[in-house]
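First to last, the protein sequences are chains A and B.
So the first sequence is residues 1 to 423, counted in the numbering used here.
So the second sequence is residues 1001 to 1507, counted in the numbering used here.
The C-beta atom is built at its ideal place from N, Cα and C for all residues, glycine as well.
So the structure is just underneath, and the comments pick up after that.
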Amino acid sequence: MSDTTNKKLHIVNIAVFCGLLLLGGVASLAMSKQKVSKMENRTLTPFPPYSDSALWSGKFFRQINEYYADNFPLRDKWIDVSGKLKNSLGFQSSEIKIYDNVNNPEANETPDTSKNTLIGDGPLPDDGAVGEKKKGVFVFKNRAFEMFGGGPEMGKTYAGVINSYNQLLAPEGIQVYNLIIPVALEFELTEKYAKMQKPNRPAIENIYNAEDANIKKVWAIDSIRQHRSDYIYFNTDHHWTSLGAYYAYKAFCVQAGLTPVNIDTVASKVKPSFLGSLYRLTRDEALKSNPDSVRYYLFKDSVNFYIGGANGGAWNKSKMYSEGASGTSSYLVFLQGDLPIVKMETQHKNGRRIAIVKESYGNAFAPFLINNYEKVLVVDQRYFTGDFIKTLKAEGINELLFINNIFAAHTQFHIDKIKGLKK
Amino acid sequence: MQIYEIFCSIALELLGANQYFALLKIPQRTPTMVFADLLFLFIFLPLCLMLYYSTGNASWRNWVLIVFSLAFYGWGEPIWISLLVLSSMIDWGNSIFIEKHRGTKWAKIGVTFTVVFNLCLLATFKYDVFLVNQVNALLGTHFKAPGYGLPLGISFYTFHTISYVVDVYRGDIKAQRNFPNFLMYVSLFSSLVAGPIVRYAHVEKEIYGRKENLRDFSLGVSRFCIGLFKKVVIANIAAEIVAKYMGDKQHVITIANIHALSSLEAWVGLIMFALQIYFDFSGYSDMAIGLGRMFGFHFRENFEYPYISKSISEFWRRWHISLGSIFRDYVYIPLGGNKKRVYWNLFVVWFLTGMWHGPSWNFIFWGLYFFIFIALEKAFLQKWLDKAPAFVAHLYALVIIIPGWVIFYFTNTQMLGAYVAKMFSFSGSAGGNGEVLNVLSTHLYWLILALVLCMPVYHKVKNWIDKNAKRVLVYDTAIVGFNVLLLFVCVAQLVGKSYNPFIYFRF
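As structure tokens, this is what we get:
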């Protein structure tokens, strides 16, 4: 080969390389910037404001790097490519896939302050994510599952907190209930993958056994198991469906001595094409092809729904379902999402007034209770900052249900939050 | 005494030095400007290349490199630029002083000063906590270390300057009269932060008025793309798997997590770390060598497929070559080399080599671990290995090298002990091995590629093609497309890294 051809090729190589870098560079500066990423449910890193301290600590520069990466041209497309590359690194079994718990939903069930802690700059609020409760996301039969790995000690700590409420409130005539919600994988694991997570029933048993005898324990897991082939958990989201919650409600009614509403006689509406948290986490193609729908029930009984402030008090009338919720946020239809405290008042003047303490799983469950109770108070253990005990008394509450998914019941963050309600 | 202290504090206050020292204590974080970063690739590098090649003036080109190097260096913690410039200035002045007084005791004093000064920098900024802890443990005292953050690249640039001044003292090179030229050598961004340790003697002629040409530029581009790929696609993905089993800063693990591992998981974690550290470090060196070449420098190789070694001595001739050669030329040979007290000399070299890697005992143990095998090889093992079939020697080397990385990884000796126990207990775990087997199968093609890249396959293929001249055109054309592909994959990975979904955040 002649030297000139060689030289030409070198020029081409240099020109292509430098041209691409330059093109990317100019595009990155010229193209318009987005403020939020819908896909990720977060604000993108803004260009940092200058300050001397930020400059000298290096924070200023770090944020510029993050800003740059968050605003890179065609970012969504690149992320798609990156996801596809990741899936072609090895032999993809058509059956299963496992994703790491880099940024799992439960770990992010923390107040909105997390918006300041983007991309690893500083730790998230302590959530016990250290391998305590789960190992990752497991994709199996076009559905995504979280894997439970909680230890018995953590479960006992949870039980201890529930006991402390019982010991405080039982003498005041308040009946305490506890309902631990199993995770979807409990009902789907085949023998081959039996070891993928810890079985849920023994873990729930461990909690119930450590609880005071006068606490009423709801065996929702057994009730749900009877309907395991129904649409009880979402395919692409970590929550249960309202149908799953209904079976838990039926088990609750047994303990509470109530007659459950017959769901077949209740009208309902559906939010279609819901791609939930586990899809957003994994962006797995198999999940994309298997989207969910969110069904919510329109009970005959009328209900007055009120939203309280994070500190309690100041009730504002509103609606039990946020019918505007759609797409990736469809689960927010229930009780309008994770509000610190809400109250439902019904026509059943039977003197039964219940408070429930929950995380997001409780949202799909609580609406069923309006068929049986005069008043239902719903407190989110993570966000309510007011005086919980005082609120119970002020509202004349005589029953109290702690309803938590099995991860939350084995996570220090949630246990501390429940404990903290008491002040 | 009190008056003296008050005087000092007033003096420091007047100089504004208190704030300065306060800034030095900012804890070190991972550098924000690295080669494998979008901002570097799409803004810094093209801008630097454009300005560099905007004129043919050699001084201008060096100034461009100085300004960009300092910006690159200061991007993380700008405060440390002061230390870099100050230490360069002192060593530069000292080298001229030494040259002037060559052959007299002043030259000796000069060179001693430089060595002591640079070692003091290391002792103050890198080893302060470690040294103070050792003194406290030995004497039962309660001294408090100043706790400065570790300045970026200090381990590299102090070695740059020590080797330079010693070489001037020995008369191997002439002192650089022009300070900007010297600063350019010390601060050159391609090798400042993570090596290779470029010896002044090797680039002396290229410091001023080097001859850049298209061929070098083009080969530099190709080399850079390969390095980027090694870092972003091999090392970063290996790092994710390592973090799973061995933990890292973002994914902190406890002893209980180690106890919960199966032996297979422990081994997979460790082997992934062996891949991670090799591809990370050699990828970085490739990028440094490639960048250097784009600007007309010819740095020496820093890695020569270390995992194909047939002995530990050979491994260290193939791994981080620039560091090994520094210790050989400035410690081992001056101590007497092979001629007298060989084992003592080896001990000192491996103690220091270990210590260079970090201010913690595990690194020293790691160095001494290699000392043991190198000493054994020197005594008798090498002769056996020479006679043994090649695969036995390869196996021997890997069986020593790979478990060695566990010593390197854990700075906490308890965690180290637990991990080693787990590796050799050959036990399962409560969760079974389903998950780790899944990790292996979903990374299978990638793993095969990584293992192949540990061997000189690419080299052999290239040599074969070079001999078959007719195919060169095809090959060289393919290289252009290949570089684009590598760049594309790396950018996707780098952008993908910023994907960070927050499930519960409400707008």
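| query | result |
| --- | --- |
| Considering only the beta carbon of each residue, do His10 of chain A and Arg1215 of chain B sit closer than 8 angstroms? | yes |
| Do we get a CB-CB distance below 8 angstroms when we pair Thr1442 of chain B with the residues of chain A? | yes |
| Please say whether Asn214 of chain A and Asn166 of chain A have beta carbons closer to each other than 8 angstroms? | yes |
| Going straight from the alpha carbon of Asn65 of chain A to that of Val1232 of chain B, what length do you get? | 17 angstroms |
| Within 8 angstroms (strictly less), CB to CB, does Thr1124 of chain B reach chain A? | no |
| Over what stretch of residues does the beta strand (DSSP E) that includes Val294 of chain A continue unbroken? | Asp292 to Leu298 |
| If the criterion is Cβ atoms closer than 8 angstroms, does the pair Gly1195 of chain B and Asn1302 of chain B meet it? | yes |
| So which residues of chain B does Cys18 of chain A contact, with C-beta pairs closer than 7 angstroms? | Pro1046 and Leu1049 |
| Kindly indicate if chain A contains any beta-carbon less than 8 angstroms away from that of Leu1487 of chain B. | yes |
| Under DSSP, the beta strand (DSSP E) around Ile356 of chain A begins and ends at which residues? | Arg353 to Lys358 |
| Using a Cβ-Cβ distance under 8 angstroms, would Asn1483 of chain B count as near chain A? | yes |
| If contact means a Cβ-Cβ distance below 9 angstroms, which residues of the region 1066 to 1099 of chain B contact chain A? | Gly1074, Trp1075, Gly1076, Glu1077, Pro1078 and Ile1079 |
| Using the three-state DSSP reduction, which class does Ser1429 of chain B fall into: helix, strand or coil? | coil |
| Please classify Ser1155 of chain B: is it buried, with 16 or more other beta-carbons within 10 angstroms of its beta-carbon, or exposed? | buried |
| So, helix, strand or coil for Tyr1208 of chain B, using DSSP? | coil |
| Does the region 1226 to 1245 of chain B touch the region 1045 to 1060 of chain B, meaning 3 or more C-beta pairs lie closer than 8 angstroms? | no |
| Specify the secondary structure class of Pro272 of chain A as computed by DSSP and reduced to three states. | strand |
| When the distance is taken between beta carbons, is Gly1227 of chain B closer than 8 angstroms to Gly1290 of chain B? | yes |
| Please list the partners that Phe91 of chain A has in chain B, where partner means a Cβ-to-Cβ separation under 8 angstroms. | Ser1441, Thr1442, Leu1444 and Tyr1445 |
| Give the DSSP-derived three-state secondary structure of Ile1081 of chain B in the structure shown. | helix |
| In three-state terms, what does DSSP make of Val176 of chain A? | strand |
| How about Ala69 of chain A: is its C-beta nearer than 8 angstroms to some C-beta of chain B? | yes |
| Round the Cβ separation of Thr1442 of chain B and Leu89 of chain A to the nearest angstrom and send it over; I've been treating them as touching at under 8 angstroms. | 7 angstroms |
| If I follow the unbroken alpha helix (DSSP H) through Lys1387 of chain B, where does it start and stop? | Gln1382 to Lys1387 |
| Can you give me the Cβ contacts of Thr5 of chain A inside the same chain, cut-off strictly under 7 angstroms, excluding the 5 residues immediately before and after it? | none |
| Determine which residues of the region 9 to 34 of chain A have a Cβ less than 7 angstroms from any Cβ of chain B, and write them out in chain order. | Leu9, His10, Ile11, Val12, Asn13, Ile14, Val16, Phe17, Cys18, Leu20, Leu21, Leu22, Gly24, Gly25 and Ser28 |
| What distance in whole Å lies between the Cβ atoms of Cys1225 of chain B and Asn1483 of chain B, which are believed to be in contact at a cut-off of 8 angstroms? | 4 angstroms |
| Going along the region 51 to 83 of chain A in order, which residues come within less than 8 angstroms of chain B, judged by CB to CB distance? | Leu55, Trp56, Ser57, Gly58, Phe61, Arg62, Ile64, Asn65, Glu66, Tyr68, Ala69, Asp70, Phe72, Arg75, Trp78, Ile79, Val81, Ser82 and Gly83 |
| Whose Cβ in chain B lies nearer than 9 angstroms to the Cβ of Thr259 of chain A? | By Cβ distance, chain B contributes nothing, its closest Cβ being about 35 angstroms from Thr259 of chain A, past 9 angstroms. |
| Thr5 of chain A touches chain B at which residues, Cβ-Cβ below 8 angstroms? | Leu1473 |
| Just the chain A side, please: which residues come within less than 7 angstroms of Ile1479 of chain B by C-beta, in chain order? | Asn13 |
| Does the contact criterion of 3 or more C-beta pairs under 8 angstroms hold for the region 141 to 154 of chain A versus the region 245 to 261 of chain A? | no |
| Take the Cβ of Arg382 of chain A as the centre, count every other Cβ of all protein chains shown within 10 Å, and call the residue buried at 16 or more, exposed below. | buried |
| By Cβ distance below 6 angstroms, which residues in the same chain neighbour Phe187 of chain A in space, the five residues on each side in sequence not counted? | Arg228 |
| With a Cβ-Cβ cutoff of 8 angstroms, do Leu369 of chain A and Glu395 of chain A count as a contact? | no |
| Nearest-angstrom Cα distance between Glu191 of chain A and Val183 of chain A? | 17 angstroms |
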